[in-house]
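**Student:**
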Amino acid sequence: MPGCSIPLPAVVILPGPPGAGKGTQARMPEKDFGMIQLSAGALLRSAAAAGTPAGLAATAVMAAGDLVSDDIVLAVLKDRMAQPDVRTGIIPDGFPRTDGQAAALDTELSRVGHKVTAAIRLDVDDAAMVDRVSGRYTRATCGGGCHDTVKQPAAAGVCDKCGGTDFAHRADDTAETLRARLQAYHAQTAPLIAGYGRRGVLERIDAMGPIAGILRTLPTIVARIAA
Ligand code: AMP
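Per the numbering used here, the sequence shown starts with residue 516, numbered consecutively.
1. Between P706 and ligand 1, is the CB less than 7 Å from at least one heavy atom?
2. Mind the definition here: the region 691 to 702 touches the region 528 to 538 only if three or more C-beta pairs lie below 8 Å; say whether that holds.
3. Go ahead and label I528 buried or exposed: buried means 16 or more other beta carbons lie within 10 angstroms of its beta carbon, across all protein chains shown.
4. If you measure between the beta carbons of V526 and H662, is that distance less than 8 Å?
5. Looking only at its own chain, which residues have a Cβ that is under 8 Å from the Cβ of M516, when we skip the five neighbours before and after it?
6. S554: buried (16+ other C-beta within 10 angstroms of its C-beta) or exposed?
7. Which first and last residues belong to the alpha helix (DSSP H) in which P607 is found?
8. Assuming Q552 is part of the beta strand (DSSP E), what are its boundary residues?
9. Taking only the alpha-carbon atoms, compute the straight-line gap between A634 and V737 and give it to the nearest angstrom.
10. Quick check on DSSP: helix, strand or coil for H684?
11. What does the Cβ neighbour count give for Q552, buried or exposed, with the cut at 16 atoms within 10 Å?
12. Label Q667 either buried or exposed according to how many other C-beta atoms from any shown protein chain fall within 10 Å of its C-beta, with 16 as the threshold for buried.
13. Of all the alpha helix (DSSP H) runs that stay within the bounds of the region 571 to 608, which reach a length of 4 or more residues?
14. Counting C-beta neighbours from all protein chains within 10 Å, is the total for P725 16 or more, i.e. buried, or is it exposed?
15. Could you give the DSSP three-state label for T704: helix, strand or coil?
16. Does any heavy atom of ligand 1 sit closer than 7 Å to the C-beta of M577?
17. Check whether the region 595 to 615 touches the region 638 to 646, counting contact only when three or more Cβ pairs, one atom from each stretch, lie closer than 8 Å.
18. Does the beta-carbon of K537 have 16 or more other beta-carbons within 10 angstroms, so that it is buried, or is it exposed?
19. If you follow the alpha helix (DSSP H) that R696 is part of, which residue opens it and which one closes it?
20. When you compare each of V648, R694, P544 to A683 by their alpha carbons, which one comes out closest?
21. Excluding five sequence neighbours on each side, which residues of the same chain lie with their C-beta closer than 7 Å to the C-beta of R542?
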């Protein structure tokens with residue numbers, strides 16, 4: 516990320532296809548280890564909602580399920596990285612997704628004497644993803660989320676995180692858009708994840724099981740690699 520000059524003790528990336536649960540999983544290291552979740556998709560959605568030039572340029576691309584250009588993605592991440600809370604470590608979610616983004620991340624990390632500590636891939640079956648994405652709901656204000664079947668809130672229709680009730684379905688969580696997003700994942704992101712395997716920093720989690728089980732596995736891995 517151009518312009519990042521902040522020391523980063525641990526950089527854990529969390530790749531996986533749409534619907535794998537990256538956003539849900541990335542919140543655990545945030546809570547337990549003080550690492551900051553950097554969701555490229557959430558930052559792009561905020562930029563779009565705010566009507567910034569980057570956000571407006573990204574809107575149609577996201578609606579089609581395609582990947583937003585590296586320039587735009589790197590620009591919104593750079594803005595987020597300029598905030599001081601990232602000192603305790605970052606857990607990018609949905610980034611990098613292209614070779615160009617991975618190279619930019621490496622360049623910036625090496626400039627401050629760091630490198631990717633681990634890439635923890637969430638493994639899922641494409642066929643299960645339609646149900647995963649079509650059943651999920653989020654709250655824009657607090658970032659909380661729930662799901663019709665795999666992550667029901669304690670009280671029906673009430674956000675576990677903030678008690679709010681105005682859940683919304685993401686515009687790009689449709690079966691048609693999902694097909695394009697999966698295609699982009701397999702064509703552009705999966706090959707670069709294999710590169711982290713060659714570096715010896717790739718970890719895998721079977722993300723097909725219940726969320727509670729996955730949430731127990733992730734801290735074990737993060738504690739080991741961040742030690
Ligand atoms: P996500 O919230 O990770 O499911 O991402 C939603 C959408 O935002 C994707 O389908 C892309 O259009 C866009 N997006 C998110 N992260 C990236 C990225 N790293 N590179 C390009 N586009 C992205």
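Each residue gets a CB set at the ideal place from its N, CA and C atoms; glycine is no exception. Note that the coordinates shown come from a computational prediction; the quantities given were computed from them, not determined experimentally.
**Tutor:** In this structure, then:
1. No.
2. Yes: the two stretches touch, three or more of their Cβ pairs being nearer than 8 Å.
3. The residue in question, I528, is buried, as its Cβ has 16 or more Cβ neighbours within 10 Å.
4. Not in contact: V526 and H662 (Cβ atoms no closer than 8 Å).
5. Only weak support exists for where M516 lies, its pLDDT of 45 falling under 50; the value from the coordinates is given anyway. Cβ neighbours of M516 beyond the five flanking positions: L589, L592, K593, M596, A619, L620, E623.
6. By the beta-carbon neighbour count (other beta carbons within 10 angstroms, threshold 16), S554 is buried.
7. Element bounds for P607: not the alpha helix (DSSP H) but the beta strand (DSSP E), 605 to 608.
8. First-last of the beta strand (DSSP E) with Q552: 551 to 554.
9. Spanning the two alpha carbons is a distance of roughly 10 Å.
10. Reduced to three states, the DSSP call for H684 is coil.
11. Q552 comes out buried.
12. With fewer than 16 other Cβ atoms within 10 Å, it is exposed.
13. Annotation: the region 571 to 608 contains the following complete segments of the alpha helix (DSSP H) (minimum length 4 residues), in chain order: 585 to 596.
14. Burial call: exposed.
15. DSSP places T704 in helix when its eight states are reduced to three.
16. Yes, since a heavy atom of ligand 1 falls inside the 7 Å radius drawn around the Cβ of M577.
17. These segments do not touch.
18. Answer is buried; the Cβ neighbour count reaches 16.
19. R696 -> alpha helix (DSSP H) spans 690 to 699.
20. In terms of CA proximity to A683, V648 leads the group V648, R694, P544.
21. These residues qualify, in order along the chain: Q552.
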